[in-house]
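Right, one structure below, let's go through it.
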Amino acid sequence: MKQKTLSLLASMLLAAVFSLIIISCGNESDDQQNDDSDLIEETTVMEKADKLVYPLPTPLEVTEMLNKAGAAYILDIANGPENVAKYFTEISKALNLGVYGADLSYASTYNKTQETNNYLACTITLRDGLAIETPYNSGLLERVEANIDNKDSIYNILTTSFHETFEYLNDNGKGAVSVMILAGGWIEGLYLSTELAFLTENNAEILKGIADQKETLKILMPLIETYKENENVNEILKELRVIETIYSEIPEKDGVIELTEEYFNKIKMEIDNLRKKTVETT
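Here is the structure:
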């Protein structure tokens with residue numbers, strides 16, 4: 005019943021921030037037995053809940069908000085493509101697939117062709133490392149390259165990829181992997197938003213987008229809590245609870261969150277720390 009309610013909320017609230025593109029691999033070599041604690045437990049969402057639709061706004065919706073708000077594209081704030089080679093564990097691959105999914109959305113929204121190609125390559129590397137195989141994603145590179153100058157087409161291609169991947173993961177016993185990708189995308193999206201709000205003079209719309217993440221986080225948290233018995237998942241959950249607490253303390257007026265400078269700074273400090281841990285996780 006709890007998860008039925010969650011599915012309904014997710015369907016109704018498809019409109020505020022983050023990411024996907026993956027599945028996990030199951031290497032059984034003796035050399036990897038010591039890394040078992042790093043593997044995300046293979047439990048299907050179907051065992052714990054009704055079938056879920058893609059539960060969050062995609063990263064593209066967030067970066068489109070930033071673009072419309074007049075924020076500039078700043079390459080250095082995204083996760084460097086060179087970092088992709090250091091992600092070895094399943095948890096780091098899943099989290100940073102979400103991160104790179106958000107960075108890919110950021111670059112494509114601003115029509116940055118080279119950066120779009122770079123981040124697409126990162127997501128494909130991590131996707132392959134997690135052994136994902138879906139008909140649509142297998143031709144993702146070719147689709148993006150063929151439509152690189154058509155922003156609307158890129159938007160549709162990536163959105164379809166996000167949704168198909170989420171469905172595939174949950175249909176194939178990788179629900180925990182899917183929520184870690186969602187978490188990575190949410191973290192990067194909020195990080196980009198707070199960085200650009202800090203650097204943009206007329207940032208009222210960006211601040212509104214940051215305030216809206218309170219509702220997105222309300223959807224994300226129960227999904228992650230489903231897998232809190234996993235040590236790695238639980239660590240992320242603890243960090244997100246700190247941000248959740250900050251959001252809960254922000255005053256509202258007529259149902260609208262009033263994101264003051266004090267609370268913006270608190271959120272920014274926590275998301276900076278969490279994002280740093282996320283991209284440095286190997």
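With the sequence shown counted from 1, adding 4 to any position gets you the numbering used here. We put the CB at the ideal spot given by N, CA and C, even for glycine. Since we're looking at a predicted model, the values are computed, not measured.
Comparing C-alpha positions only, which one of the options sits nearest to residue i?
i	options	result
ALA201	GLU65, GLU265, GLU256	GLU265
TYR91	THR169, TYR267, ASN206, ARG131	ARG131
TYR110	THR164, VAL66, LEU211	VAL66
GLU229	LEU241, ASN207, LYS281	LEU241
PHE170	ASN277, VAL260, THR138	THR138
GLU94	MET225, ILE136, MET69, TRP190	ILE136
LYS222	ASP156, TRP190, ASN207	TRP190
With a threshold of 6 Å on Cβ separation, who are the neighbours of residue i within its own chain once the five nearest residues in sequence on each side are excluded?
i	result
VAL246	GLU274
LYS72	none
ILE81	GLU199
ASN151	SER157, ILE158
Assuming residue i is part of the alpha helix (DSSP H), what are its boundary residues?
i	result
PRO255	Note, PRO255: premise wrong, no alpha helix (DSSP H); not H, not E.
LYS218	208 to 229
TYR77	No alpha helix (DSSP H) contains TYR77, which DSSP labels as neither H nor E.
THR127	117 to 133
ASN87	First-last for ASN87: undefined, no H or E at that position.
GLU205	No alpha helix (DSSP H) holds GLU205; DSSP gives it neither H nor E.
LEU144	144 to 150
ASP276	265 to 284
ILE136	Per DSSP, ILE136 belongs to no alpha helix (DSSP H) and is neither H nor E.
GLY177	Where GLY177 is concerned, there is no enclosing alpha helix (DSSP H), given that its DSSP letter is neither H nor E.
LYS97	94 to 113
Please list, in chain order, all residues of the same chain as residue i whose beta carbon is under 7 Å from its beta carbon, the five residues on each side excluded.
i	result
VAL96	Checking the displayed sequence, the identity of residue 96 turns out to be Ser instead of Val. Correct list, in chain order: THR285, THR286.
ASP107	ALA82, ASN83, TYR123, GLU192
VAL283	ASN83, ASN87, ASN100, VAL103
LYS270	ILE250
LEU263	LEU211, ILE214, ALA215, ILE254
LEU278	ILE191, GLU243
What I want to know is whether the C-beta of residue i ends up closer than 8 Å to one or more non-hydrogen atoms of the ligand FAD.
i	result
GLU262	Judged by which ligands are present, the structure shown has none, so any question about the ligand FAD falls away.
Could you pull out every residue in the same chain whose Cβ sits closer than 8 Å to the Cβ of residue i, ignoring the five residues on either side in sequence?
i	result
LYS281	GLU243
ASP34	Reliability of the predicted coordinates at ASP34 is poor, the pLDDT of 42 falling under 50, and the value obtained from them is presented with this limitation in mind. For ASP34, where only same-chain residues beyond five positions count, there are no Cβ hits under 8 Å.
Checklist entry - Should the segment 168 to 186 be regarded as contacting the segment 93 to 108, the criterion being three or more beta carbon pairs within less than 8 Å? => result Yes, the segment 168 to 186 touches the segment 93 to 108.
Item to check | Validate contact between the segment 110 to 128 and the segment 75 to 89 using beta carbons, cut 8 Å, 3 pairs | outcome: Touching, yes, given that three or more Cβ pairs across the two stretches are closer than 8 Å.
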